[in-house]
Every structure is written in structure tokens, then in C-alpha cells.
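Be aware that the first sequence starts at 0, since it is given in numbering that gives the first Met the number 0, and climbs by one per residue.
Don't be surprised by glycine CBs; every beta carbon is placed ideally from N, CA and C.
See below for the structure under consideration.
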Amino acid sequence: MPELPEVEYVARQLRAAVLGRRITHAAVLWARTVTPMDAREFEARVSGQRITSINRRGKHLIVVLDGGDALAIHRRMSGNLILERAREEALYVRVAFTLDDGQLLLFTDPRKFGRVTLTSNGEIERSLAELGPEPLAPDFTAAVLAERLGASRRAIKAALLDQRIVAGLGNIYADESLFHARIHPLRPAGSLNRREVTALREAIVATLLNGIEHGGTTFGRHRDIYNEAGSNLEHVQVYRRTGKPCPRCGTPITRITVAQRGTHFCPKCQRLRGASSRP
DNA sequence: CTATAAACCTGCTGGC
DNA sequence: TGCCAGCAGGTTTATA
0 MPELPEVEYV
10 ARQLRAAVLG
20 RRITHAAVLW
30 ARTVTPMDAR
40 EFEARVSGQR
50 ITSINRRGKH
60 LIVVLDGGDA
70 LAIHRRMSGN
80 LILERAREEA
90 LYVRVAFTLD
100 DGQLLLFTDP
110 RKFGRVTLTS
120 NGEIERSLAE
130 LGPEPLAPDF
140 TAAVLAERLG
150 ASRRAIKAAL
160 LDQRIVAGLG
170 NIYADESLFH
180 ARIHPLRPAG
190 SLNRREVTAL
200 REAIVATLLN
210 GIEHGGTTFG
220 RHRDIYNEAG
230 SNLEHVQVYR
240 RTGKPCPRCG
250 TPITRITVAQ
260 RGTHFCPKCQ
270 RLRGASSRP
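Structure (C-alpha cells):
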């Protein structure tokens, strides 16, 4: 579930809460979460390192440690980072970090798809090298987006979910962005004209910023580090609103499957025909 | 290149 | 009320 806004929101909270803290102890409760590293090796190597910075790249949360290592955390479908003052009752804990001020930082993950990877700083950079541009960075221009989409004939929805095209978009924010830009999800990615690419870039930025502002979208499992749900679901226009009226024109929202993912759009505002092509 | 399916996992929902 | 098939925000890998 966690897409860029959910990861960014948590990154900001963690910066305020655990920056500068030393990890005094780590416990791996589900070994596959830290693959490919051995669980005991992970615990030994992370213990004693201090948290020097917290960053985000796409949907990856990067916790930089003073021993030359970094933790790359990907929450995948159901992972959360929960901060506890003392041992409370968090469920599905896969990795537990004890900090030097007594706080407990827990990686919880019912479905066990999430990953907490410990590697050297250089290694992390290499593993993230394939990611596309950061959509909230100032250099994410319409020209950059157009260049990334190239002449691809795949559906624009599928392209937006591809982290090599743009980093951080997932199913929710892809649908919302296309709705705001009035682009049909099945449009071939390379067929968008200049005006449409510009509108899409603006829609992506606005949609993501909106999501961050509301603490992320929670319809299932996303929680912030204090175990609070985000409120952005109240603000989405099409995602999971099949059959409900389009907020713009009243036409019922349609749901189709694109790239094996549920895809929601307004059939009147987002037309497939009548589109011009980009040379 | 593009598309599709399957795999990794568990919990929740909707239909019967 | 109860059971079960199907579905879920993500990514990777195999196959056509």
C-alpha cells in the first residue's frame, strides 16, 4: 500500500523522532524480511550503529547509519514502521530495533512481503540506480516525463506503475493522477501530446503533495509511526469509488483491469478516442 | 518490446 | 451465522 506519500510522511516523522539515536539492539523475528542477509548477522551488524540521516527514494526509506551502512526499508503491501515508548502490543512484528533512549522501533508486516535490507552505503546507491526521477524534485519537468515515456506503446497506467519511469507512484496515486490530468488509463504512454504530458506532470505532483498533507491513504493497513491512519482516502476522486459519481461530471466511475491492477477512472472525463499524438 | 502469469504471504470482504 | 473463493496498496521472475 505504501506509495510515495505514505513513505514520505513516515520519513518525516522518523526524522523528528529517532534521528541521532543509537540502535542498541535488533531482533529479527521473521528471517526472510532481512534477506539476503542472515538474521543473526543482521542483528549483530546493526547493533551499536547511530542513525545519522533518514531519506526517501521512491517508495524506499533509507536509514543511514554511522558505521558506513544503511538500512533500505521497503514496506511493499502491508509493512509499517511503528514507534513504541515501551513494549506495547504491536502485532506482526518482523524486526524490532531498541534505541538508546528506550524507544522501540518496530517493522510490522502481516503479509511478510516487506524488506529491511542492511548494506553498505555504496551498495544501496547501486540497488536504487534503476529508479526513475523523483516526482517531487524540481528537475521533474514535463520534458523529463516525456523523455521517460518515450515512444512506448504500453498503457500509460502501466507505465506510471513502472518505477523506472517515475519513482514512487503506486495504484492509488496513478489512478488519481490520470483522473486529474483527464487521461484514459489505456492510452499508449508514447501517444500523449505535449499538453497532456504537462498536465500529467502537474497532476502527479499535486496528487502526491495532497497525499502527504493528509498523512497518506489508509483503506487497509497504512499507519504512521504512532499507529495512526492517514486521512487521504476521504480526498481521493476515483480510487475505489467504482459506481459512485465522478466529482467533476457526475458520471459513474468505472473500474477495469490494467496491468493486473484494479484501475478506476471517469469514462466521460477520461476519453480514449479523440487524442492527438506526439511526433 | 510488451504482455501475462505466478510467486511471495495473510487478512478481509462479499456472495451463497 | 458460517464457509470459501477471490481480492488487496508491490515487486520480481519466468514464460509467450
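At the level of alpha carbons, what is the spacing between Lys243 and Leu208?
Counting from 1 along the first sequence, the entry for residue 243 is found at position 244. Counting from 1 along the first sequence, the entry for residue 208 is found at position 209. So the two alpha carbons sit approximately 24 Å from each other.
Might you give, ordered along the chain, the residues of its own chain that have their beta carbon closer than 7 Å to the beta carbon of Asn258, omitting 5 neighbours on each side?
As a first step, residue 258 must be located in the first sequence, where it is residue number 259. The amino acid occupying residue 258 in the given sequence is Ala; Asn does not appear at that position. Around Ala258: Ala154, Lys156, Ala157, Leu160.
Can you tell me whether DSSP reads Ile50 as helix, strand or coil?
Translated into the one-based positions of the first sequence, residue 50 becomes position 51. In this structure, Ile50 counts as strand in the three-state DSSP scheme.
Going by the beta-carbon positions, is the gap between Thr17 and Leu98 smaller than 8 Å?
Position 18 of the first sequence, counted from the first residue, corresponds to residue 17. Position 99 of the first sequence, counted from the first residue, corresponds to residue 98. The sequence shown places Val at residue 17, not Thr. Yes, the Cβ-Cβ distance between Val17 and Leu98 is below 8 Å.
Just curious, the alpha helix (DSSP H) that Ser176 is in, first and last residue?
Start at 1 with the first residue of the first sequence, and residue 176 comes out as number 177. 170 to 180 is the span of the alpha helix (DSSP H), which, as asked, contains Ser176.
To the nearest whole angstrom, what separates the beta carbons of Gly167 and Lys58, a pair I think is in contact under 8 Å?
Your numbering for residue 167 matches position 168 in the first sequence. Your numbering for residue 58 matches position 59 in the first sequence. With a Cβ gap of about 6 Å, Gly167 and Lys58 count as contacting.
Quick one, which of Leu127, Glu87, Val204 has its alpha-carbon nearest Pro137's?
Along the first sequence, one-based indexing puts residue 137 at 138. Residue Val204 is the option with its Cα nearest to Pro137.
Using only alpha-carbon positions, find the residue among Arg84, Asn226, Gln236, Gly121 that is nearest to Thr107.
Counting from one through the first sequence, the residue named residue 107 turns up at place 108. That would be Asn226, whose Cα lies nearest to the Cα of Thr107.
Bridge partners - Gly261, DSSP secondary structure assignment
Locating residue 261 in the first sequence gives position 262, where the first residue counts as 1. Beta-bridge pairing links Gly261 to Thr256.
Just to confirm the assignment, what range does the beta strand (DSSP E) spanning Glu83 have?
Numbered from its first residue, the first sequence carries residue 83 at position 84. It spans 79 to 83 - the beta strand (DSSP E) in which Glu83 sits, taken as one unbroken run.
Taking Cβ to Cβ, would you say Asn192 is nearer than 8 Å to His213?
Numbered from its first residue, the first sequence carries residue 192 at position 193. Numbered from its first residue, the first sequence carries residue 213 at position 214. Not closer than 8 Å, so no.
What number of angstroms, rounded off, separates the C-alpha of Ser276 from the C-alpha of Ala26?
Taking the first residue of the first sequence as position 1, residue 276 is located at position 277. Taking the first residue of the first sequence as position 1, residue 26 is located at position 27. Residue confidence for Ser276 is low, a pLDDT of 45 falling below 50, so the modelled location carries little weight; the figure read from the coordinates is stated next. Approximately 55 Å between the Cα atoms of the pair.
Neighbourhood of Thr51 by C-beta, 6 Å cutoff - its chain only, sequence neighbours within 5 removed
Translated into the one-based positions of the first sequence, residue 51 becomes position 52. The answer, listed in chain order, is Val63, Asp65.
With distance defined between alpha-carbon atoms, name the residue in Asn54, Thr241, Ala188, Thr253 nearest to Arg14.
Counting from 1 along the first sequence, the entry for residue 14 is found at position 15. When only C-alpha atoms are compared, the closest one is Asn54.
Please give the ranges of any beta strand (DSSP E) in the stretch 49 to 129, keeping only runs that are unbroken, at least 3 residues long and fully inside the region.
50 to 56, 59 to 64, 68 to 73, 79 to 83, 92 to 98, 103 to 107, 114 to 119
Beta carbon of Ala202 nearer than 8 Å to that of Ala180:
Translated into the one-based positions of the first sequence, residue 202 becomes position 203. Translated into the one-based positions of the first sequence, residue 180 becomes position 181. In this structure, Ala180 lies closer than 8 Å to Ala202 by Cβ.
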